[in-house]
Amino acid sequence: MTEPVIIIADWDADGVVSAAMILYSQSYLGIYPLRGKRSVELKPATPRTLSEALRPRLEYGCPECVVFLDIPFTKYNYSILKDFRRKCKETRMIYVDHHLSTIYHSQLLEKIMDEVIVGRSATVILIYQLLKSLGVKLTIRLDSFAQAVNFMERGAKAPPELSNMVKLASAISKALKAEHDLSLWERLIKWMASPLPFTTPPPLDKAIEKAKQLATEADKAIKDIAIDLAMSAQKIGYLRFVDARKITNVSATALASKIRHILKQPVALLARKEKFEVLVIKAPRGLAAKIAGTIYSSGIAEDIGGHASLAVLKLKKDIDLNTLLEILKRASLRL
């Protein structure tokens, strides 16, 4: 038997805290997404595993409500969501996310969802504002975690009173990304959602140590490459452009982030992925999303992804490099 309400959320801190806020509102207050207290099932997912999280639930019948949190839109998953809607016509479906792919395809989601909430703020802030508008008063723990994740997602420096919470939220995010521990993910959400003030959080030591080890190994793998590419960076408007199409077996987003860290300036990195090229833009304070949005509107990109501070554009085939650089320059100078 399936639970009346299912929350499907990302593995990272944004997904975890967002899920905890919805769990608190539904299970403890009975305010949202459904009126009256309901039991809730928690399921982690990424764009690649959304079908695994959603389809098995149909074996037990249709739930009253499904909430999707912090899951970037993909065309493949859209077909899965349409299929679910066709089979569960009465289920209330809610989608809340801040990724650019979701923002730019929100009209498609609105055709099958009962509620679509998108924006460039972190998903926790979208949920925070929604619950506040409904009169929900969050616990101090949830409020603090929401603010901490907001600073993390924006890449902004947190005030001293939130610095320890930001460190904890960052550690949680890295630990869950490093090792997809379902039990830990679920226990963290339930602990955050609990209104009891003195409960002990789940142990994180092993997961954090694993995350540190993986981060150190990943940093070693790209450090020398990033330094070499940073040396060749070309100034294009307010950006530093890097052509990394010859680099293989390295994450383009990780490379762009590392080069941004080295140069301390916004970076646009051109990379080759399988049979197409991508442009990764890494810039703080929402600048990446603004630049990417302008480039996407120019018509040279097939799709857009990422979020406010790290955007990814899938470029159309045979785009001339000089054309790309000119559009990139105009986009950066418009800021």
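In terms of numbering that gives the first Met the number 0, the sequence shown has 69 at position 70, counting the first letter as 1, and numbering is strictly consecutive. Using N, Cα and C, we set each Cβ at its ideal position, and we do this for glycine too. Nothing here was measured: the structure is a model prediction, and the numbers come from that model.
Residue i, buried or exposed, once every other Cβ within 10 Å from all chains shown has been counted against 16
i: residue 179; result: exposed
i: residue 99; result: buried
i: residue 58; result: exposed
i: residue 7; result: buried
i: residue 89; result: exposed
i: residue 122; result: buried
i: residue 338; result: The question about residue 338 has no answer here: the residues shown for the chain are numbered 0 through 334.
i: residue 149; result: buried
i: residue 43; result: buried
i: residue 275; result: exposed
i: residue 196; result: exposed
i: residue 143; result: buried
i: residue 35; result: exposed
i: residue 181; result: exposed
i: residue 94; result: buried
i: residue 210; result: buried
i: residue 233; result: exposed
In DSSP terms, what residue i is bridged to
i: residue 240; result: 233, 267
i: residue 325; result: The partner list for residue 325 (beta bridge, DSSP) is empty, contrary to what the question assumes.
i: residue 91; result: 64
i: residue 302; result: 313
i: residue 272; result: 275
i: residue 96; result: 117
Start-to-end residues for the beta strand (DSSP E) that takes in residue i
i: residue 16; result: Careful: residue 16 lies outside any beta strand (DSSP E), inside the alpha helix (DSSP H) at 12-22.
i: residue 53; result: Careful: residue 53 lies outside any beta strand (DSSP E), inside the alpha helix (DSSP H) at 49-53.
i: residue 192; result: Taken as a continuous stretch (DSSP letters only), residue 192 belongs to no beta strand (DSSP E), being part of the alpha helix (DSSP H) at 181-192.
i: residue 40; result: 39-43
i: residue 281; result: 275-281
i: residue 7; result: 4-8
For residue j and residue i, the rounded distance between their alpha carbons
i: residue 280; j: residue 238; result: 9 Å
i: residue 331; j: residue 199; result: 47 Å
i: residue 286; j: residue 159; result: 25 Å
i: residue 22; j: residue 127; result: 13 Å
i: residue 106; j: residue 227; result: 42 Å
i: residue 236; j: residue 54; result: 47 Å
i: residue 87; j: residue 79; result: 12 Å
i: residue 219; j: residue 212; result: 11 Å
i: residue 20; j: residue 130; result: 8 Å
i: residue 194; j: residue 138; result: 6 Å
i: residue 4; j: residue 192; result: 15 Å
i: residue 254; j: residue 277; result: 13 Å
i: residue 203; j: residue 171; result: 8 Å
i: residue 335; j: residue 120; result: The structure shown has nothing for residue 335, since the chain only spans 0 to 334.
i: residue 288; j: residue 114; result: 23 Å
i: residue 310; j: residue 82; result: 29 Å
i: residue 16; j: residue 321; result: 43 Å
i: residue 38; j: residue 186; result: 15 Å
i: residue 230; j: residue 258; result: 10 Å
i: residue 333; j: residue 327; result: 10 Å
i: residue 141; j: residue 242; result: 42 Å
i: residue 252; j: residue 296; result: 22 Å
i: residue 298; j: residue 315; result: 9 Å
i: residue 108; j: residue 9; result: 18 Å
Endpoints, the alpha helix (DSSP H) within which residue i is located
i: residue 84; result: 74-86
i: residue 307; result: From DSSP, residue 307 is part of no alpha helix (DSSP H); its letter is neither H nor E.
i: residue 246; result: Here residue 246 belongs to no alpha helix (DSSP H), and DSSP marks it neither H nor E.
i: residue 259; result: 251-262
i: residue 100; result: 99-103
i: residue 286; result: 286-297
Residue i Cβ short of 6 Å to the ligand SAH heavy atom set
i: residue 200; result: In the structure on display, the ligand SAH does not appear, and there are no ligands present to speak of.
Residue-chain proximity (residue i, chain C), Cβ-Cβ < 7 Å
i: residue 214; result: Reference to chain C is not applicable here, since this structure consists of a single protein chain.
Just to confirm the assignment: which complete alpha helix (DSSP H) runs, minimum length 4, are found wholly within the stretch 114-176? 122-132, 139-153
Unbroken stretches of the beta strand (DSSP E), 3 residues or longer, contained in the stretch 196-235: 233-235
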